[in-house]
Amino acid sequence: MSRLVPWMFGMPDNVDKYNQAWKHLIDTSKLRGSNGMRTNEPSYQYYMRQYRYEGSNRECQWNGPVWPYQTTQVLLGMANLLNSYTQSIISKTDYLYEIRSYTRLHYNGVVLNLQEDYEPDKTGAIVGLARSPHYFHSGYNDLIISGLVGIRPRADNTLEVNPLVPTGSDISYFRLQDISYHGHSIAVEWDSTGSRYSRGVGLKVEVDGVVVASAATIQRLTATISKGTPPAIIRTNITKSTQLYRDQYPKGSASSGTAAENLHDAIDGRVWFFPELPNGWNSDAQSADSTQWYTIDFGTSTSLSGCTLAFYDDGATFIAPPTYDILQLVNGAWVKINGYGETLLANGITNVQWSAVSTNQLRVSFPQKAGKRVRLVEFKAF
């Protein structure tokens, strides 16, 4: 399948002898598997032959399995083929088929969880090892923005939109908005009946809230767009607590769960709430209700004016605390910092602010129910 990747970069000449390669993608005896794009064709003598294992579990290979990473590359190339090449091999219907097939791969049952690689001819992931859940190689957003919805990036003063939605498709509406483009905010809207958004039937392209091009049907639209000044990047709340080295400051300590890696996970900069990939400091369960805490030691006096807290909650073993206090170390004693703190949000970010203080150590303290644990995914101070 790698032979199709050059179209991702618009490299091949627009000639029939090269475009013929795409016939392989829609041929079920070649690259089109029932569960996605094969990375190699069944005619290959080593197709799907397994060589690598972790114990008894099959490891990753590229001799046939569906790989989301390369599927993304080929779908980007497919969009370029439909937009910039003269050919009749691949249609918008083919593109929509492949996008939908790829979308299904992103789910494990009803849960969003893209894995490392997949069976090409039956449902299911292949690897399924500890590293595989939420494997970060999708590129799905780009496919929707520049492919299905069709905002085509250009260097000149023309805004081009060409949704790859076939005529008669069951996609009756969509709206993509707040896309930064050439210093402007872009929106693309499709409403086949006018009943979804109540702004009329058809396709509309907006620049800064103003409709600049429209049509009653899905088609390529263009409009002149000036090169505006992109908004300045204002960097605030720069984190002072993130640390990738275990033996350097800042360092973490806690009331329980004091294994080195467990402590470090709350200040490693990573924030996610996936149950399949535990990340964060985990407290130990206690036989009675208790107060637990996590402390960041900066190693020297540090000016701080706020923090963010991220707590995981699975409704069973790990329960986010109902309340919390932020404290600073003053002359060897812990003193509560008064300020503004949001109500704690489980599986989300809680923002806390206060007037700047200088301290060597910052602590979050919270109650823990008997028999339960707390997972502090990340404690960021700034």
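Counting from 1, position 342 in the sequence shown corresponds to residue 342 in the working numbering; the numbering is continuous, with no gaps. A virtual CB, placed ideally from N, CA and C, is assigned to each residue, including glycine. Please read these numbers as outputs of a predicted model, since none were measured by experiment.
- In the structure shown, residue 102 adopts helical secondary structure according to DSSP, grouped into three states.
- About 5 Å separates the CB atoms of residue 358 and residue 303; that is less than 8 Å, so the two are in contact.
- Counting only runs of 4 or more residues that sit fully inside the stretch 237-317, the alpha helix (DSSP H) segments are 260-264, in chain order.
- The distance from the Cβ of residue 372 to that of residue 288 is about 11 Å, inconsistent with a contact at the 8 Å cut-off.
- Closest by C-alpha distance to residue 174, out of 164, 331, 182, is 164.
- Within the stretch 135-210, no run of alpha helix (DSSP H) reaches 4 residues while sitting entirely inside it.
- If you draw a 10 Å sphere on the C-beta of residue 61, you find 16 or more other C-beta atoms in it, and that means buried.
- Selection 106, 380, 274 evaluated against residue 305 yields 380 as nearest (Cα-Cα).
- When the Cα atoms are used, residue 21 and residue 91 turn out to be separated by approximately 14 Å.
- Within a 10 Å sphere around the beta-carbon of residue 147 sit 16 or more other beta-carbons, which makes this residue buried.
- Around the beta carbon of residue 179, fewer than 16 other beta carbons sit within 10 angstroms, so the residue counts as exposed.
- Here residue 335 is exposed. Its C-beta has fewer than 16 other C-beta atoms within 10 Å.
- Taking C-beta atoms under 8 Å as the contact rule, residue 202 and residue 216 qualify, at a distance of about 4 Å.
- A direct Cα-to-Cα measurement between residue 158 and residue 185 gives close to 14 Å.
- In this structure, residue 105 sits away from residue 97, with a CB-CB distance that is not shorter than 8 Å.
- Residue 358 is bridged by DSSP to 303.
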